[in-house]
Structures are given as structure tokens and as C-alpha cells.
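Inspection log for the structure reproduced underneath, given as C-alpha cells.
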Amino acid sequence: MVKVAVIGCGYWGPNLIRNFNELDNAEVAMISDLRPERLRTMSGKYPKMQVTVDHNEVLNNPDIDAVALATPVETHYPLASTAIKNGKSVFIEKPLTASVNEAEELIELAERHNQKLMVGHTFVYTGAVRKIKEFIDNRELGNINYFDSVRVNLGLFRPTVNVLWDLAPHDISIMDYLLGSEPEFVSAVGACHSGTGIENIAYITIHYPGNLLAHIHVNWLAPVKLRKVLISGTKKMIVYDDTEPDEKVKVYDKGIMINDDEDKMYSQMVEYRIGDMYAPKLDTSEALRTECGHFVDCIINDKKPITDGEAGLRVVKILQAAQLSMENNNERVDIRCIRKSPATLSSEKMSKSSTSSTSMAAV
Ligand SMILES: NC(=O)c1ccc[n+]([C@@H]2O[C@H](COP(=O)([O-])OP(=O)(O)OC[C@H]3O[C@@H](n4cnc5c(N)ncnc54)[C@H](O)[C@@H]3O)[C@@H](O)[C@H]2O)c1
0 MVKVAVIGCG YWGPNLIRNF NELDNAEVAM ISDLRPERLR TMSGKYPKMQ
50 VTVDHNEVLN NPDIDAVALA TPVETHYPLA STAIKNGKSV FIEKPLTASV
100 NEAEELIELA ERHNQKLMVG HTFVYTGAVR KIKEFIDNRE LGNINYFDSV
150 RVNLGLFRPT VNVLWDLAPH DISIMDYLLG SEPEFVSAVG ACHSGTGIEN
200 IAYITIHYPG NLLAHIHVNW LAPVKLRKVL ISGTKKMIVY DDTEPDEKVK
250 VYDKGIMIND DEDKMYSQMV EYRIGDMYAP KLDTSEALRT ECGHFVDCII
300 NDKKPITDGE AGLRVVKILQ AAQLSMENNN ERVDIRCIRK SPATLSSEKM
350 SKSSTSSTSM AAV
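Heads up: the sequence shown begins at 0 in numbering that gives the first Met the number 0, then just goes up one per residue.
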């Protein structure tokens, strides 16, 4: 049995507690939150779990094998680095960290201390995204032209992160998993309509080599909930609508063919192919259960997590580039500069403008 501790019992933490605790090969032995009322609620449900308001009791407990973090992003690095140094594997909710530097350090620490580091890119573990990955890997879509994602609703205005760092990790992690390659440039614009200075809407454009373009629209101030991804390939196209109860993924045999017969008029050069649409059967298991089970399996059987530290780093790199672009009037940011430049520059800016200055010196 892997003994897991969950730190953070706010909105998302209880889902991790339930899923880890229901696994056959793991048990949640300890939970921690700064708010005693959250711990009282959780104790009512799980009376056997040890509770504490002091995360150090978790991090210093030699009986705990693994720590799962469901705390705000600015706490991920300090909590995770201490856990790893104390010989614990770490599962961190998205986004992995608040900066590229922090992500790189956690990867290095986990390797040095021989501990698993996994990021909670939950959508990667959904039946829908895994089915789309199969289509792409089997070349059924042909070459990918673009990836276009919309994630909007009347969402929770977060006090310490903007909508980019809150919602876009989902879309970026789906895109990263499906496309399996790294982009070249990122540009983004955002706006704040609440007077807090924290952006509630953002449009992010991501340029890949080979004319592959991606676009992500995230927004907390929309009257309806949209969770839609369009993927266009040279052979077929996919619409993934996560709000659909059934048939979340639809594959369209539609596209264009270019007729390069010089005698044809321009209007006759583009020919349309309009074929069938079908909705494949999807695995409907709870993604979070699959994800938690995968983390424990990686610990027990010494496997590399699908969403490992490197996957988390790739997502943080795009977020940091988008943040930098947003702060510089939609300037095109070269992803390679995010790696090589003093990344702290932009991450410091981000933590000043978008994340709280919660002191974690005590960790
Ligand atoms: N995978 C997903 O679909 C998904 C969904 C929602 C949130 N998240 C992620 O989960 C994380 C938490 O988000 P949330 O919505 O639950 O936030 P939240 O604010 O509702 O909860 C965070 C909790 O962490 C506690 N906390 C903060 N610092 C702590 C510390 N040092 N020790 C112990 N407890 C501490 C707070 O008291 C709070 O109860 C974020 O990284 C977020 O991005 C993931």
C-alpha cells in the first residue's frame, strides 16, 4: 500500500482524496489544509485520516510515501521541493509550477532523489482525449493543420492567478499530448474587466513548425459554458465537445482538395470533400481515477508517468511565454528564449501581477 497525503482540501483536493483512497493499492493517511473548517468537513467523511493545518507535519512524516498537492500554484514549488528532498514522490495539480525555473528545478530534484514527479493534466486521462490521440497517431487525420480550443463560462474569479494560468493549462496540456511536438512562438492578449488587474479573458496563439497553428480562448466572463476543441487535418477533422453528455468526439470526413490544373479558374481550384461523420465509442472511466491510479502504479512499478515533470514543464513554458506576450502588447515570444533567458524575469513579473505573495519561507 502506498501511503498518500493530500495537501489542500479546497475545491479540487477532495476529489484527489476520494480517488486515491478508493484505489486498492493506496490509502490516504494524512490530509492538510490551512483552514480548520475544511479539515473538519473532511474528517466527517474520512474519520480515520490524520489531519493537520501544518503542512510540515506531512512533509516530515517518514510514513508518508507520496504527497499530492491541490494548493494554489505559488505554493507548488516550495511544498514539492521539500517533499522530494524528504524522500517522497509528488503529484502536483496543474499547472506544475509558477515558472519555468521552478519546473526545471523540480525535475532535477526528483531525478536526483529518485522520486516520481507527476503533474495533474487530468484531461490527458479522459477517454475522449485518448481516443483523439489514437486517431492522430494512426494518421487518420493526416497532417494536422490547426488546433483550436475554447474554454469559457461564468467562472470563479481566482484571487491569485489570472485566467491564463487557471484555465489554459487544460487546453495546453491536451494540445501538448495530442500534437507531441514543441511550438516555436507564442503570442497572447488578455484583459481584466473586474478592476482587480487580474485578466479574466485571454486569447493565446501558438505557432508550431510546419504551418501548424494553435489558438486557445479562455474566459471567466461568458454567459454560457463552452468546452470545444476543433482539430483539422489534411484527411479528416475532429470536434471534441466536452459539454456533450454522449458523443463528445465527432470525426468528420470533410476537407478540401486542391486542383492544380492550370486551366481551371481559381474558384474551381479548391474542391470540397464532404463525407460521413461518426462518433466513436469512448472509455467513460473517471479520468481522475485513472490519473491517480497511474501515479501509484508508477511508484510501485518504477514507471515514468505519462504526464511527468517534462510534460508539466512544456505547459509552464507556454504559459510563461503567453504571460510575457500579454504584458508586452501581444509581442511574439520565442519559446527557446523562455528556456535560455533569465526566466525569473517574467516569472517574477507574473508573481507580482498575477499570483499572491504568500510567504512559503516556513516550508
Ligand atoms: N485538474 C483539474 O481539473 C483541476 C480543477 C481545479 C483546480 N485544479 C488545481 O488544483 C489546485 C487547487 O485549486 P482549488 O480550486 O482546489 O483551489 P482552492 O483555493 O479551492 O483550494 C486550495 C486549498 O489549499 C489550501 N492551502 C493553501 N496553502 C496551503 C498550505 N501551505 N498547506 C495546506 N493547505 C494549503 C487552502 O487553504 C485551500 O483550501 C490548483 O493548482 C488548481 O489549478 C485542478
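Virtual Cβ for every residue (Gly too), placed ideally from N, Cα, C.
(message) On the CB-based measure, 16 or more other CB atoms within 10 Å of its CB, does residue 336 come out buried or exposed?
(response) With fewer than 16 other Cβ atoms within 10 Å, it is exposed.
(request) Hey, could you find the ends of the beta strand (DSSP E) residue 252 is sitting in? (result) Residue range 248-257 is occupied by the beta strand (DSSP E) that includes residue 252.
(message) Can you tell me where the alpha helix (DSSP H) holding residue 206 begins and where it ends?
(response) Segment 200-206 is the beta strand (DSSP E) holding residue 206; no alpha helix (DSSP H) there.
(message) Output needed for residue 63: all residues of its chain with C-beta closer than 8 Å, excluding positions within five of it in sequence on either side, in chain order.
(response) Within the same chain, and ignoring the five residues on either side of residue 63 in sequence, the residues whose Cβ sits closer than 8 Å to its Cβ are 2, 3, 4, 28, 29, 57 and 87.
(request) Using a threshold of 9 Å, state whether the C-beta atoms of residue 99 and residue 312 are closer than that. (result) With respect to the 9 Å criterion, residue 99 and residue 312 are classified as neighbours on the basis of their beta carbons.
(request) Assign residue 294 to one of three DSSP states: helix, strand, or coil. (result) In the three-state reduction of the DSSP assignment, residue 294 falls in the helix class, which pools H, G and I.
(message) Give me the residue from 273, 282 and 262 with the minimum Cα distance to residue 234.
(response) Answer by Cα proximity: 273.
(request) Output the distance between the C-alpha atoms of residue 84 and residue 301, rounded to the nearest integer angstrom. (result) Approximately 18 Å between the Cα atoms of the pair.
(request) Taking residue 295 and residue 25 to be in contact with their CB atoms under 8 Å, please state how far apart those CB atoms are, rounded to whole angstroms. (result) That belief holds up - the Cβ atoms of residue 295 and residue 25 are roughly 5 Å apart, short of 8 Å.
(request) Rounded to whole angstroms, what's the CA-CA distance from residue 177 to residue 76? Just pull it up for me. (result) Residue 177 and residue 76 have their C-alpha atoms some 27 Å from each other.
(message) Let me check one thing: in DSSP terms, what residues is residue 49 bridge-paired to?
(response) Under DSSP, residue 49 forms a beta bridge with 29.
(message) Can you tell me whether residue 34 is helix, strand or coil according to DSSP?
(response) Under the three-state reduction of DSSP, residue 34 is assigned to coil, being neither helix nor strand.
(message) At a cut-off of 8 Å, would you count residue 308 as near ligand 1, judging by its Cβ distance to the nearest heavy atom?
(response) Because no heavy atom of ligand 1 lies under 8 Å away, the Cβ of residue 308 does not count as near it: no.
(request) Would you check if there are 3 or more beta carbon pairs closer than 8 Å linking the region 152-163 to the region 193-208? (result) Result yes; three or more Cβ-Cβ pairs closer than 8 Å.
(request) For the beta strand (DSSP E) containing residue 105, list its first residue and its last residue. (result) Segment 99-111 is the alpha helix (DSSP H) holding residue 105; no beta strand (DSSP E) there.
(message) Below 8 Å on the Cβ atoms is my contact criterion, and I expect residue 153 with residue 61 to pass it. Report the Cβ-Cβ distance as a whole number of Å.
(response) In this structure residue 153 is not in contact with residue 61, their Cβ atoms being roughly 45 Å apart against a cut-off of 8 Å.
(message) Considering just the uninterrupted stretch of the alpha helix (DSSP H) at residue 302, what are its terminal residues?
(response) Element bounds for residue 302: n/a, residue is neither H nor E.
(request) Would you check whether ligand 1 has a heavy atom nearer than 8 Å to the C-beta of residue 11? (result) Yes; taking the cut-off as 8 Å, the Cβ of residue 11 has a heavy atom of ligand 1 nearer than that.
(request) Leaving aside the five residues before and after residue 209 along the sequence, list all residues of the same chain whose C-beta is less than 6 Å from its C-beta, in chain order. (result) The beta carbon of residue 209 is closer than 6 Å to none in its chain, skipping five residues each way along the sequence.
(message) If you reduce the DSSP assignment to three classes, tell me which class residue 155 lands in.
(response) Here DSSP, grouped into helix, strand and coil, assigns residue 155 to coil.
(message) At a cut-off of 8 Å, would you count residue 119 as near ligand 1, judging by its Cβ distance to the nearest heavy atom?
(response) Distances between the C-beta of residue 119 and the heavy atoms of ligand 1 include at least one below 8 Å.
(request) Can you give me the Cβ contacts of residue 143 inside the same chain, cut-off strictly under 6 Å, excluding the 5 residues immediately before and after it? (result) Within the same chain, residue 143 has close Cβ partners 211 and 232.
(message) For residue 340, which residues in the same chain have their Cβ closer than 6 Å to its Cβ, ignoring the five residues on either side in sequence?
(response) Low per-residue confidence applies at residue 340: pLDDT is 44, beneath 50, and the placement is therefore not dependable enough to give any value.
(message) Quick check on DSSP: helix, strand or coil for residue 193?
(response) It is coil, neither helix nor strand.
(message) Here's the rule: buried if 16 or more other CB atoms are within 10 angstroms of the residue's CB, otherwise exposed. What is residue 59?
(response) Exposed is the call here.
(message) Using 8 Å for Cβ pairs, my map puts residue 11 next to residue 69. What's the rounded Cβ distance?
(response) Sure, about 5 Å apart at Cβ, within 8 Å.
(message) Is residue 175 a contact residue of ligand 1, with contact defined as CB to any heavy atom under 8 Å?
(response) Not so, every heavy atom of ligand 1 lies at least 8 Å from the Cβ.
(request) Have a look at 327, 105, 132 and 270 and flag the residue whose alpha-carbon is nearest the alpha-carbon of residue 230. (result) When the alpha-carbon of residue 230 is set against those of 327, 105, 132 and 270, the nearest one is in 132.
(message) Mapping the DSSP letters down to three states, classify residue 334 as helix, strand or coil.
(response) Here DSSP, grouped into helix, strand and coil, assigns residue 334 to helix.
(request) May I have the straight-line CA-CA distance separating residue 226 from residue 262, to the nearest angstrom? (result) So the two alpha carbons sit approximately 44 Å from each other.
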